[in-house]
Amino acid sequence: MRKRQQSQNEGTPAVAQAPGNQRPNNTCCFCWCCCCSCSCLTVRNEERGETAGRPTHTTKMESIQVLEECQNPTMDEILSWSQNFDKMMKTPAGRNLFREFLRTEYSEENLLFWLACEDLKKEQNKKDIEEKARMIYEDYISILSPKEVSLDSRVREVINRNLLDPNPHMYEDAQLQIYTLMHRDSFPRFLNSQIYKSFVESTAGSSSES
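Heads up, the sequence shown is in the UniProt record's numbering, so the first residue is 1 and it goes up one at a time.
Take a look at the structure:
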């Protein structure tokens with residue numbers, strides 16, 4: 001296609017275009033918009049002076065992207081994680097460490113999706129539910145998203161039906177599937193990882209010093 005355009009251009013004289021008349025690039029920007037909508041909306045809100053009021057949906061969703069605040073776990077808590085995945089996932093410190101490991105395997109989106117679903121379950125306002133449900137779909141379900149999680153066709157069909165009338169629990173099947181994937185696939189490797197072992201050693205050292 002490029003060669004054909006070059007040959008056509010060589011056969012016709014170049015016509016200078018005014019800066020204001022340049023045609024926009026036709027490259028699809030849907031993926032870019034999905035990924036950058038958070039930062040764009042934040043900038044717009046700051047320009048309008050709206051960020052001083054109630055936090056926007058975007059701000060709430062962005063909070064999931066950062067590590068959770070937590071207290072330093074005890075040695076007993078850390079060792080208990082190796083015996084109980086559910087217990088680890090219920091503690092912010094455990095999720096943060098597991099998330100650090102998932103990042104090394106390029107599968108951090110699994111935990112981010114799970115956290116986003118947990119956040120959605122807490123919503124009661126219909127407008128907030130619809131907005132968060134849409135953002136979760138764009139970020140983790142859409143095949144156009146770079147953070148798409150792996151779901152089977154049955155679960156995707158359920159999600160697509162629920163999109164017609166979003167509710168706080170519409171992603172439960174998908175959330176369970178990703179939770180099971182992390183438990184069976186990622187968790188065993190996490191326990192054998194240097195990240196977990198180093199954390200255990202450093203905590204043990206701190207405990208002995210105190």
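Just so it is clear, CB atoms sit at the ideal spot from N, CA and C, and this is done for glycine as well.
Reference residue i, options the options, closest by Cα
i: Ala133; options: Leu120, Ile143, Gln177 and Phe190; result: Leu120
i: Phe113; options: Leu151, Gln71 and Leu97; result: Leu151
i: Gln177; options: Val155, Glu109 and Met88; result: Val155
i: Glu130; options: His169, Glu108 and Glu109; result: His169
i: Glu172; options: Met135, Leu181, His183 and Ile159; result: Ile159
i: Gln71; options: Ala93, Glu148 and Lys87; result: Ala93
i: Thr180; options: Val149, Ala204 and Gly205; result: Val149
i: Pro188; options: Gln124, Glu69 and Met88; result: Met88
i: Arg99; options: Ser186, Met135, Ser153 and Gln124; result: Ser186
i: His183; options: Pro73, Glu69 and Asp86; result: Asp86
Residue i versus residue j: straight-line alpha-carbon distance, rounded
i: Thr59; j: Asp139; result: Residue placement at Thr59 cannot be trusted, given a pLDDT of 42 that sits under 50; what the coordinates show is reported in the next sentence. So the two alpha carbons sit approximately 15 angstroms from each other.
i: Phe101; j: Pro166; result: 32 angstroms
i: Arg103; j: Lys127; result: 32 angstroms
i: Leu97; j: Ser202; result: 13 angstroms
i: residue 234; j: Met75; result: In this structure the chain extends from 1 to 210, so residue 234 is not present and cannot be described.
i: Leu111; j: Leu163; result: 22 angstroms
i: Ala174; j: Asn192; result: 27 angstroms
i: Glu108; j: Ile78; result: 21 angstroms
i: Glu105; j: Lys147; result: 13 angstroms
Segment limits, alpha helix (DSSP H) that includes residue i
i: Lys121; result: Glu108 to Lys121
i: Leu79; result: Met75 to Trp81
i: Lys87; result: Phe85 to Met89
i: Gln177; result: Glu172 to Leu181
i: Asp128; result: Lys126 to Ile136
9 angstroms Cβ cutoff, residue i in contact with chain D
i: Cys70; result: The structure shown contains no chain D; it is built from a single protein chain.
Contact the region 68-85 vs the region 195-203: 3+ CB pairs below 8 angstroms: yes
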